[in-house]
Amino acid sequence: MNGRGVFISIVFLLMGAGLCFGFDFGLTVDNATGVRSVGEVEFTQRDKAALWFKGIFGGFSVDVQGSYTFSLDRYLFFDLDLLRFGGEFLLGGESSFVFRFGAGRFLFRDFSGKVLSHKLDGVKAELGLPFGVITVSGGYAGLTQKPVSGIIISSSDLADRVDDAVIFGPSRVVEMVELLLPEVFLRQDIKAALLFQQDLRADAKLTSGGGKVHTEYAGLGLSGPVVHPLYWNGYFYFNLGQSSVEGTILSFLTGGGVDLYLPRVLGSRFWGSFVYAGGDGDAGSVYEGSTAGN
1490 MNGRGVFISI VFLLMGAGLC FGFDFGLTVD NATGVRSVGE VEFTQRDKAA LWFKGIFGGF
1550 SVDVQGSYTF SLDRYLFFDL DLLRFGGEFL LGGESSFVFR FGAGRFLFRD FSGKVLSHKL
1610 DGVKAELGLP FGVITVSGGY AGLTQKPVSG IIISSSDLAD RVDDAVIFGP SRVVEMVELL
1670 LPEVFLRQDI KAALLFQQDL RADAKLTSGG GKVHTEYAGL GLSGPVVHPL YWNGYFYFNL
1730 GQSSVEGTIL SFLTGGGVDL YLPRVLGSRF WGSFVYAGGD GDAGSVYEGS TAGN
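Residue numbers for the sequence shown follow the numbering used here, so the first one is 1490 and each next one is one higher.
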C-alpha cells in the first residue's frame, strides 16, 4: 500500500471513530450576591467556577466536574462535584428493554426531591420495561465535604456540623428502589419509592446524645396534565425510624404542586407548591424523633 492509501485509510478510521466517540468541555462561572438580616444586616457573596468534561464512547459516557468556590465565610474551597461513569444498552429481541447504569459521584434524588436530593458516592441501575421503569440505587455520604453536605438527621450530625475538626459529612449509607408507571390512566404517572438509611458510625465516634438514627421511607406519587398547559403533582411519604436511645420514630410527609407553562409569553412558567410534615406530638427536636419512644 502506498503512502496515499495509508493516509486515506487513517482518515476513514478517524471518521469512523468520531461516530463512536465524542466529548465536550467547558468552564462555567456563577455569582450570587445578597443581603440578609438575622438580628443584624449582613452581605453575602458566593462565586463558583466549575470546569467540566463530558465524553461519550459508544454506549458509555463519562462526566466529570471540579469546582472552586469563594465565599465571605470560606475563601478557598475546592470540590469534586461530579464523577460519573455510565452506560445505556438495548437488550432483548422483539420485547426489548433498556438497561442504564451509573457509578461514581452524582446526584441521588427521589421523585419528590424532599426526602432525598443529595450528592453521594455510589451506583445506580435502571431497567426500562414495556410497562414502566424500575430503578435501584445506593450511595455513601461520608466522603462528601461538610460545606456541601446537607444530611443532618441526628444530634450527632448537628454537632459535627459545627465542629471545625470534622471535614466530611456523616457516615451514612442510603439505598433506594423506585417504580415509575407512565400514563396509567388519564395520562397520569404513578410513582412509588422505598428508601433506607443507616448510620455507620461506631458508638465511640458519636459526638452527642441520641445515639444512632436509622430511617426507612415508603412513598407514593401521582403526576400528569390537568388541562394543557396546566400540570400537577402530589405525593405522600410514611417514615419509620429507629434511634438507639429514643426508640421508634414515626412521621409522614405530603406535598404537591401545579405548573403552568406559557411558552408564548416570553417562555414563561408559573408554579406553586406546598409541603406538610408531621410526627410524634412529644418530639422535642427534629433531629431526635420521638423523645418518649412511642
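Using N, Cα and C, we set each Cβ at its ideal position, and we do this for glycine too.
The structure presented is a predicted model; accordingly, all values stated were derived computationally and were not measured.
State buried or exposed for P1752, treating a residue as buried only when at least 16 other CB atoms are found within 10 Å of its CB. Exposed.
Taking Q1686 and V1716 to be in contact with their CB atoms under 8 Å, please state how far apart those CB atoms are, rounded to whole angstroms. With 8 Å as the limit, Q1686 and V1716 do not qualify as a contact, their Cβ atoms being about 39 Å apart.
What's the gap between the Cα of Y1629 and the Cα of I1641? When the Cα atoms are used, Y1629 and I1641 turn out to be separated by approximately 14 Å.
Beta bridge counterpart(s) of H1607 as assigned by DSSP: According to DSSP, which records beta bridges pairwise, H1607 is partnered with F1597.
Mapping DSSP to helix, strand and coil, what is S1732? Reduced to three states, the DSSP call for S1732 is strand.
Backbone CA spacing between Y1750 and W1721 [nearest angstrom]: Rounded to whole angstroms, Y1750 to W1721 spans 11 Å at the Cα level.
If we ignore side chains and look at the alpha-carbon of each, how far apart do S1732 and E1615 end up? For S1732 and E1615, the gap between their C-alpha atoms comes out near 32 Å.
Check whether the Cβ atoms of A1538 and V1518 sit closer than 7 Å, and answer yes or no. Yes, the Cβ-Cβ distance between A1538 and V1518 is below 7 Å.
Using a Cβ-Cβ cutoff of less than 6 Å, which residues in the same chain neighbour Y1638 once the five nearest sequence positions on both sides are dropped? Before going on, a small fix: residue 1638 reads as Ser here, not Tyr. Result list for S1638: G1658, in chain order.
Bridge-paired residues (DSSP) for G1591: Its beta-bridge partners are G1575, K1613.
My understanding is that G1555 touches D1570, with C-beta atoms under 8 Å, so please give their C-beta distance in whole angstroms. Yes, they are in contact, since the Cβ atoms of G1555 and D1570 sit about 7 Å apart, within 8 Å.
How about the segment 1592-1600 and the segment 1560-1567: do they share at least three Cβ pairs that are nearer than 8 Å? Result no; under three Cβ-Cβ pairs closer than 8 Å.
Kindly indicate the opening and closing residues of the alpha helix (DSSP H) around A1691. From DSSP, A1691 is part of no alpha helix (DSSP H); its letter is neither H nor E.
Can you find a heavy atom of the ligand HEM that lies under 6 Å from the Cβ of G1713? Within the structure as shown, the ligand HEM is missing, as the structure has no ligands at all.
Measuring straight from C-alpha to C-alpha, what distance separates A1592 and G1575? Rounded to the nearest angstrom, the two C-alpha atoms are 6 Å apart.
Enumerate in chain order the residues of its own chain whose CB-to-CB distance from V1612 is below 8 Å, with the five nearest sequence positions on each side excluded. The beta carbon of V1612 lies closer than 8 Å to those of F1590, G1591, A1592, S1626, G1627, G1628 in the same chain, with the five residues before and after it left out.
Give the secondary structure of P1752 by DSSP, where H, G and I count as helix, E and B as strand, and everything else as coil. Assigned with DSSP and collapsed to three states, P1752 falls in coil, not helix or strand.
With DSSP collapsed to three states, give me the class of P1636. Three-state result, P1636: helix.
So what's S1645 in DSSP terms, helix, strand or just coil? DSSP places S1645 in helix when its eight states are reduced to three.
Thinking C-alpha only, which one of H1607, D1513, L1669, R1650 is nearest G1544? Per the Cα distances, D1513.
Return helix, strand or coil for R1650, following the three-state DSSP convention. If DSSP states are grouped into helix, strand and coil, R1650 belongs with the helices.
Taking the DSSP output, what are the residues bridged to H1703? Beta bridge pairing from DSSP links H1703 with Q1731.
Expressed to the nearest angstrom, what Euclidean distance is found between the alpha-carbon atoms of E1577 and L1670? For E1577 and L1670, the distance between alpha carbons rounds to 20 Å.
Which residues does DSSP list as the beta-bridge partners of F1763? Answer is G1745, bridged to F1763.
Three-state secondary structure assigned by DSSP to Y1564: The answer is coil: DSSP assigns Y1564 none of H, G, I, E or B.
DSSP state of I1656, grouped into three classes? I1656: coil per DSSP, three-state reduction.
Could you compute how far the alpha carbon of A1766 sits from the alpha carbon of G1523? Straight-line Cα distance between these residues: approximately 29 Å.
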